[in-house]
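First residue of the sequence shown: 23, per this note's numbering; consecutive thereafter.
The beta-carbon is built from N, C-alpha and C at its ideal position, and this holds for glycine as well.
Bear in mind the structure is a predicted one, so any value in this text is a computation, not a measurement.
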Amino acid sequence: MLGLWQASPKGYTVAAGYDWLRVVAPKVPWRHLCWNVMNVPRTSFIFWACQHRKLLTLDRLQKRGIVQATTCFICGIAPENHEHLFSLCEYSRRCMELMQQKIHIRFVDANMVTWFSKARTKSRLQRVVAGACYVGLLAGIWQVRNHARLYHQVNAPRVLVNQVWRNIKERLMQRNRRMLSTIDQQWIDSIV
Ligand SMILES: [Zn+2]
Numbered sequence: 023m024l025g026l027w028q029a030s031p032k033g034y035t036v037a038a039g040y041d042w043l044r045v046v047a048p049k050v051p052w053r054h055l056c057w058n059v060m061n062v063p064r065t066s067f068i069f070w071a072c073q074h075r076k077l078l079t080l081d082r083l084q085k086r087g088i089v090q091a092t093t094c095f096i097c098g099i100a101p102e103n104h105e106h107l108f109s110l111c112e113y114s115r116r117c118m119e120l121m122q123q124k125i126h127i128r129f130v131d132a133n134m135v136t137w138f139s140k141a142r143t144k145s146r147l148q149r150v151v152a153g154a155c156y157v158g159l160l161a162g163i164w165q166v167r168n169h170a171r172l173y174h175q176v177n178a179p180r181v182l183v184n185q186v187w188r189n190i191k192e193r194l195m196q197r198n199r200r201m202l203s204t205i206d207q208q209w210i211d212s213i214v
């Protein structure tokens, strides 16, 4: 039986074979934010899982009969689910606010995907770094949540924001600093 890849008008090519083998899924609007070159790689994976609602938040564990209580480990007020943990929780909101103040860029965290594709920052670098900060914060909030679950301790939002920025700055500095524009160099130097 002929494989679908053989139906290519050009006959067999490696590209056609690869396309035939892999699962072709629709393109998601958050793909650029997820696979942004400035992201720390492990944060991309957590962001990906978050976008697919695959993280084992308490609402999901309750549905599986693993836990009964679903109160957020961080704030102790509302039920924990993806929306609460990453958007609505007071802790997350405070982290997002502090990060925007720190890097001097306002991003609309309620709709970061749209912001990331359309924002007009002073340079492309500033936009991708802001995206990496957002993704890094989401991953950091998940780590804070896991730490709170185990040790009943929550780092102050400023501690998390500084930690996320340090990781991204380290990645940024791995690029040749001389290749950065004057505007970008001044911007990075202004972030303390
Ligand atoms: Zn909360």
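In this structure Ile190 is in contact with Met60, their Cβ atoms being roughly 7 angstroms apart against a cut-off of 8 angstroms. Between the segment 108–123 and the segment 158–169 there are three or more C-beta pairs closer than 8 angstroms, enough to call the two in contact. The Cβ neighbour count for Val36, taken over all protein chains shown within 10 Å, is under 16; the residue is labelled exposed. With 16 or more neighbouring CB atoms inside 10 Å of its own CB, Ala154 falls in the buried class. Membership of Trp42 in the alpha helix (DSSP H) is indicated by the continuous run 36–43.
Ala152 and Thr143 do touch by the CB rule: their CB atoms are close to 7 angstroms apart, below 8 angstroms. For Thr93, the secondary structure class from DSSP, reduced to helix, strand or coil, is strand. Taking the Cβ of Cys97 as the reference point, at least one heavy atom of ligand 1 falls within a distance shorter than 7 angstroms.
DSSP, reduced to helix, strand and coil, places Pro63 within a helical segment of the structure shown. For Pro179, the three-state secondary structure derived from DSSP is helix. If you check the C-beta of Cys94 against ligand 1, you find a heavy atom less than 7 angstroms away. Boundaries cannot be given for Gly33, as no alpha helix (DSSP H) includes it and DSSP labels it neither H nor E. Note: Pro101 is bridge-paired with Thr93 in the DSSP secondary-structure output. CA-CA distance, Tyr173 to Thr65, rounds to 22 angstroms.
If you check the C-beta of Ala152 against ligand 1, you find no heavy atom less than 7 angstroms away. Between Cys94 and His104, the C-beta gap is not smaller than 8 angstroms, which leaves the two residues out of contact. Taking Pro179 as the centre and dropping the five residues before and after it, the same chain places the C-beta of Tyr113, Arg116, Cys117, Leu120 closer than 7 angstroms to its C-beta, in chain order. In the DSSP assignment, Ile210 falls within the alpha helix (DSSP H) that extends over 204–212.
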